[in-house]
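Asker: The following block contains the structure, expressed as structure tokens.
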Amino acid sequence: MAGGWARDGAVQDQIDDTVSDAVSAARARLPVGESERWCVECGEEIPEKRREALPGVKRCVACQSGRDANARSSGINRRGSKDSQLR
1 MAGGWARDGA VQDQIDDTVS DAVSAARARL PVGESERWCV ECGEEIPEKR
51 REALPGVKRC VACQSGRDAN ARSSGINRRG SKDSQLR
């Protein structure tokens with residue numbers, strides 16, 4: 001973090017850069033290219049509206065929701081509670 005002799009606004013610049021980096025990383029993880037017609041996990045057809053809305057989609061809503069739920073349970077403390085950090 002900026003401090004001491006740092007110019008005014010240096011802390012905000014660091015925050016802005018951190019947010020910008022996170023947004024860029026999230027965009028890089030978005031699927032690209034041609035969407036699959038059938039889910040790569042369960043084989044169900046992916047609805048046309050989903051394929052149009054998310055170019056490069058590979059999974060149906062149910063399978064993607066399951067993957068997203070598993071990713072959220074990675075053990076990272078997002079509550080900001082000291083109690084949860086001590087576990």
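Under the UniProt record's numbering, the residue at position 86 of the sequence shown is numbered 86, and the numbers go up by one with no gaps.
All C-beta atoms in this analysis are idealised placements derived from N, C-alpha and C, irrespective of residue type, glycine included.
#1: Taking just the CA atoms, how far does VAL23 sit from GLU17?
#2: Below 8 Å on the Cβ atoms is my contact criterion, and I expect SER35 with ARG51 to pass it. Report the Cβ-Cβ distance as a whole number of Å.
#3: Under three-state DSSP, which class holds GLU45?
#4: Excluding sequence positions up to five away, which residues of its chain have a Cβ less than 6 Å from the Cβ of CYS42?
#5: Measuring alpha carbon to alpha carbon, tell me which of VAL61, ASP68 and GLY9 ends up nearest residue 88.
Answerer: Working from what's here:
#1: Position 17 of the sequence shown holds residue 17. Position 23 of the sequence shown holds residue 23. Looking at the sequence provided, one finds Asp at residue 17 rather than Glu. About 10 Å.
#2: Taking the first residue of the sequence shown as position 1, residue 35 is located at position 35. Taking the first residue of the sequence shown as position 1, residue 51 is located at position 51. Yes, SER35 and ARG51 are in contact; Cβ-Cβ is about 4 Å, under 8 Å.
#3: Position 45 of the sequence shown holds residue 45. Assigned with DSSP and collapsed to three states, GLU45 falls in strand.
#4: As a first step, residue 42 must be located in the sequence shown, where it is residue number 42. Cβ neighbours of CYS42 beyond the five flanking positions: CYS63.
#5: Because the chain spans 1 through 87 in this model, residue 88 falls outside it and cannot be assessed.
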